[in-house]
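Numbering (the numbering used here), first residue to last: 25 to 291. Worksheet: one structure, shown below.
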Ligand code: NAD
């Protein structure tokens with residue numbers, strides 16, 4: 025008997041050539057989804073994700089696109105449709121940091137982070153919703169489509185020196201809720217996952233240095249830096265009918281980072 029929760033489903037994961045996006049693609053594949061693996065420049069990374077998707081017993085398809093570019097996103101959805109017929113699940117994951125103190129921050133650093141982390145989510149979600157609305161709700165799945173936005177604990181924890189990044193993720197929080205409200209009656213679910221500190225390229229400089237890693241652990245009540253799979257497993261649940269009554273929610277996958285760790289033994 026096939027116990028896979030996403031059999032017959034097609035998922036598109038942006039920024040799936042590394043880190044959290046790659047782990048999400050693999051976890052979705054383990055549940056039977058066929059996965060469109062988006063990458064911007066790291067083709068080798070995308071191929072490594074594809075191998076693992078196949079090892080998990082599913083199929084994958086690699087598409088290059090810059091999610092901040094309208095034409096690229098449109099072509100990516102066309103390519104995905106040509107390959108697998110439709111898209112049932114969109115995971116908005118591609119994100120960047122370009123850190124600087126406010127007075128040093130160039131307009132380019134500000135704009136690029138907003139373009140990828142927020143406008144990219146808008147462009148991909150708009151395409152996905154158009155695709156979902158082409159079909160009626162079927163018996164095999166309760167929702168006609170699901171969108172999962174990878175946000176960050178910095179959608180609620182302020183972050184000095186990272187104003188562009190925190191503003192983009194704060195934007196993702198209200199983007200998720202507002203869109204969820206707008207499309208709920210159409211049977212489309214929109215949720216977000218906000219990771220804390222997860223071991224990926226984006227923060228390798230911190231967790232690969234033992235001293236910096238110790239400092240980071242002070243901010244994590246659960247005393248473990250997260251792995252990409254921690255996020256991947258939550259994404260697989262949000263993509264499945266097991267979470268059918270969940271929409272407009274942000275799940276913090278952060279080992280307690282948002283619990284005000286400074287209050288653990290005082291206050
Ligand atoms: P990562 O750098 O490994 O992954 C980011 C991915 O996005 C890369 O594959 C990159 O190529 C891709 N990307 C960047 N710009 C793109 C574009 N214009 N078009 C398409 N793809 C593009 O880092 P990660 O930690 O896996 O980050 C994934 C997501 O998780 C991001 O949205 C990030 O903000 C979020 N996040 C990460 C952490 C963490 O601790 N690692 C914490 C909170 C949130």
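A virtual CB, placed ideally from N, CA and C, is assigned to each residue, including glycine. Source: prediction; values computed, not measured.
Rounded to whole angstroms, the Cβ separation of residue 212 and residue 146 is 15 Å, and the two are not in contact under 8 Å. Of all alpha-carbon atoms in 137, 219, 63, the one lying nearest the alpha-carbon of residue 176 is that of 219. The beta carbon of residue 124 sits closer than 6 Å to the beta carbons of 133 from its chain, once the five residues preceding and following it are set aside; these are given in chain order. Fewer than three beta-carbon pairs drawn from the stretch 184-196 and the stretch 250-268 are found closer than 8 Å, and the two stretches are therefore not classed as touching. Non-local C-beta neighbours of residue 54 in its own chain, meaning closer than 6 Å and more than five positions away in sequence, comprise 80, ordered along the chain. Within 8 Å of the C-beta of residue 225 there is at least one heavy atom belonging to ligand 1.
Put simply, the backbone Cα of residue 258 is about 12 Å away from that of residue 50. Assigned with DSSP and collapsed to three states, residue 63 falls in strand. Shown here, residue 238 sits in a helix according to DSSP, grouped into three states. For residue 276, the enclosing beta strand (DSSP E) stretches over residues 274-277. Assigned with DSSP and collapsed to three states, residue 26 falls in coil, not helix or strand. Per the DSSP secondary-structure output, residue 115 pairs in a beta bridge with 37, 172. Look at residue 117: its beta carbon is less than 8 Å from one of the heavy atoms in ligand 1. With a cutoff of 9 Å on beta-carbon distance, residue 92 and residue 150 are scored as not near each other. Remark: the C-beta of residue 271 is outside contact range of ligand 1, defined as less than 8 Å to any heavy atom. Remark: the shortest separation between the CB of residue 252 and any heavy atom of ligand 1 falls under 8 Å. Note: residue 192 is not bridge-paired with any residue in the DSSP secondary-structure output. Residue environment: residue 287 is assigned as exposed (fewer than 16 neighbouring CB atoms within 10 Å of its CB, all protein chains considered). The three-state secondary structure of residue 270, taken from DSSP, is coil. Its Cα nearest to that of residue 101, the residue 59 stands out among 59, 127, 66.
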